[in-house]
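For the record, the sequence lines run as chains U and S.
Using the numbering used here, the final residue of the first sequence is 244, and nothing's skipped along the way.
Using the numbering used here, the final residue of the second sequence is 224, and nothing's skipped along the way.
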Amino acid sequence: MPGLNVPQADVRPDTGAAPAAAAPVLVGHPGLVVCDECDAVHKRIRLSRGVVARCRRCGALLGRGHVVTPTGQLAFALAALVFLLIGNFAPLVTLDLQGIHKTVTMPHAIWLTTQAGEPVTAVLACVTAIVFPAMLVLLRLYVLGFLIRGRVPPGFRFAMRALRWATYWSMVEVFLLSALVSIVRSAGIADLVPGMGLFAYAALTLLLTSTTAAGLHSIWKLGSRLGAG
Amino acid sequence: MDEPIRTGRQLGLYSCHTCGRVSERTGHAAPDAPLACPRCGTHLHHRNPRSLERAWAYTWAAIVLYLPANLLPVMTTVSLTGAVPHTILGGIHELWMNGDWGLAVIVFVASVAVPIVKIASLVLLLLSAGRNSTWCSRERTALWRGIEAVGHWSMLDVFVVVLLVGMIHFGPLAGVEPEPGLVAFGAVVVLTILAVSSFDPRLLWPDPADNPPQPNASPPPHE
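Here is the structure:
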């Protein structure tokens, strides 16, 4: 069989099977984009700032011209970290009922919900309003911090996949609207003043929305250029 | 612009949903051999495996839990005059009667309209995808995209109750207690999000050229 007389790079016992020939090879095509929603193949084009590319067949978003550079994204993530800390430690609102003063933070509200016998709801609110947003911000700081200095962070693949997941399940913007709704609903019961935490969450919503809108493909590409996969 | 559209399945191209890399499969392999994206390790498929089964399972679970989510109270307000249970719809009614119409509309859209529209859309998408329908593929894909975008907003009422529990906490004077309906409601929200994300919208584009598969699996011998 002349076809098998290829130079062998490593010496291994001949078992009859040829795993190297059987393994499928996946060749990269950086010049193409395949739509995630309808599988249509497109040529990749360079998008100028703020321009959005949509699939010709189904209209899905294919890409966005980068508005924020990687350095800018790192700055956004740092600012988001500050607002996340303020949003969770500073009071969202201060209430006053017949002389009884009360300040409310989200971690405290979650704790009281657990105490009241609804731990599942408390965990759901905790992960979507605090844990995933925090993961999102910290993973962005970690990944971008390394990439900007020209290094691939350890565990890059894992961090990026966790980041995608955290972004999908983080609901900061919903939480902000809920805070406003609950303020209106309790305004009839007690006198209340919005606190620093509420404004911090508003700033956090703006920052996260503007950074996550660009998606993660550009960070993957940056990692690839530096030698990750 | 009028070039015919080719699909990844026709050309043997796989797009990675995690990192966007486009991979072309070369070499001989079984058609169902597992493929992983070389850049990020995500499994590559032309259609996500068992997408319809998983999406149906999540949808049915959401439909079942939809009843307790709306019939059971989500919270109880305690005051000197007694304890009053509130359902989701009751809370909206209360906002409306108090004159907070804008807010009542927001909560109604997030807590009632969005879950109903999501579940109805999921059933429509799943039924039509199960029949390999080519009817209005573009519009159905847009519908899928829409229910994916608005899904998170139904969490509104879960956060509202948790915050009210934290805010109205004045002993016997005034208090808010969470109730089991809230767990069911939160579960409906999470289950519909899972159903939408496990549905592969590429199933809305059944390709006559793909079915049956082209007999080009074995490339001609060049050597």
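Glycine included, each C-beta is placed from N, C-alpha and C at the ideal position.
Spatial distance of residue i from residue j (CA atoms)
| i | j | result |
| --- | --- | --- |
| P179 of chain S | T128 of chain U | 7 angstroms |
| A130 of chain S | V49 of chain U | 21 angstroms |
| T86 of chain U | A70 of chain S | 45 angstroms |
| R72 of chain U | A55 of chain U | 7 angstroms |
| V142 of chain U | F160 of chain S | 11 angstroms |
| G176 of chain S | V106 of chain S | 25 angstroms |
| G78 of chain U | P45 of chain U | 14 angstroms |
| A124 of chain U | S233 of chain U | 38 angstroms |
| S16 of chain S | V119 of chain U | 46 angstroms |
| G203 of chain U | A228 of chain U | 38 angstroms |
| V189 of chain S | P106 of chain U | 30 angstroms |
| L126 of chain S | L81 of chain S | 50 angstroms |
| Q88 of chain U | I120 of chain S | 36 angstroms |
| S138 of chain S | L100 of chain U | 45 angstroms |
Cβ pair residue i, residue j closer than 8 angstroms
| i | j | result |
| --- | --- | --- |
| L162 of chain U | A92 of chain U | no |
| V196 of chain U | A144 of chain U | no |
| L47 of chain U | R61 of chain U | no |
| F98 of chain U | A205 of chain U | no |
| T220 of chain U | L178 of chain U | no |
| T109 of chain U | V208 of chain U | yes |
| T137 of chain U | V163 of chain S | Per the sequence shown, the amino acid found at residue 137 of chain U is Ala instead of Thr. For A137 of chain U and V163 of chain S, yes; Cβs fall inside 8 angstroms. |
| V115 of chain S | G92 of chain S | no |
| I169 of chain S | S193 of chain U | no |
| T88 of chain S | G167 of chain S | no |
| A34 of chain S | H44 of chain S | no |
| F171 of chain S | A56 of chain S | no |
Exposure label - residue i; buried when at least 16 CB within 10 Å
| i | result |
| --- | --- |
| P74 of chain S | buried |
| N133 of chain S | exposed |
| V42 of chain U | exposed |
| D111 of chain U | exposed |
| M98 of chain S | exposed |
| H116 of chain U | exposed |
Nearest candidate by alpha-carbon position, reference residue i, set the options
| i | options | result |
| --- | --- | --- |
| E140 of chain S | S:P202, S:H94, S:W102 | S:P202 |
| A185 of chain S | S:M168, S:F160, S:H94, S:A63 | S:A63 |
| A75 of chain U | U:W184, U:T118, U:C53, U:P134 | U:C53 |
| L123 of chain S | S:L195, S:R22, S:G42, S:E25 | S:L195 |
| L96 of chain U | U:V142, U:L151, U:A181 | U:L151 |
| G114 of chain U | S:E149, S:E54, S:L174, S:F200 | S:L174 |
| G242 of chain U | U:G132, U:P169, U:W126 | U:P169 |
| T77 of chain S | U:A94, U:V67, U:G80, U:A131 | U:A131 |
| Q11 of chain S | S:G21, S:C20, S:E25, S:H18 | S:E25 |
| L139 of chain U | U:M121, U:V40, U:L153 | U:M121 |
| S112 of chain S | S:P207, S:P39, S:V151 | S:V151 |
| L154 of chain U | U:R166, U:R176, U:S225 | U:R176 |
| F171 of chain U | S:P5, S:G42, S:L144 | S:G42 |
| L192 of chain S | S:L128, S:L66, S:V23, S:W102 | S:L66 |
Chain-ordered chain U contacts of residue i [CB-CB under 9 angstroms]
| i | result |
| --- | --- |
| A56 of chain S | Under the 9 angstroms cutoff, chain U gives no residues; its nearest Cβ is about 15 angstroms from A56 of chain S. |
| G146 of chain S | According to the sequence provided, residue 146 of chain S is Arg. The question's Gly does not apply to it. Residues of chain U passing the Cβ test: E52, C73, G74, A75, L76. |
Neighbouring residues, chain U, relative to residue i (Cβ below 8 angstroms)
| i | result |
| --- | --- |
| F200 of chain S | What F200 of chain S touches in chain U: nothing, since even the nearest Cβ is about 11 angstroms away. |
| T60 of chain S | Near T60 of chain S there are no residues of chain U at all, since even the closest Cβ is about 19 angstroms away, more than 8 angstroms. |
Per-residue contacts from residue i into chain S (C-beta, under 9 angstroms)
| i | result |
| --- | --- |
| I115 of chain U | F171, G172, L174 |
| T226 of chain U | Here the premise fails: no neighbours, minimum Cβ distance about 17 angstroms. |
| A55 of chain U | I6, R7, T8, G9, W206 |
Partners in chain S for residue i, counting only beta-carbon separations shorter than 7 angstroms
| i | result |
| --- | --- |
| A215 of chain U | Correct list: empty, because the minimum Cβ distance to chain S is about 15 angstroms. |
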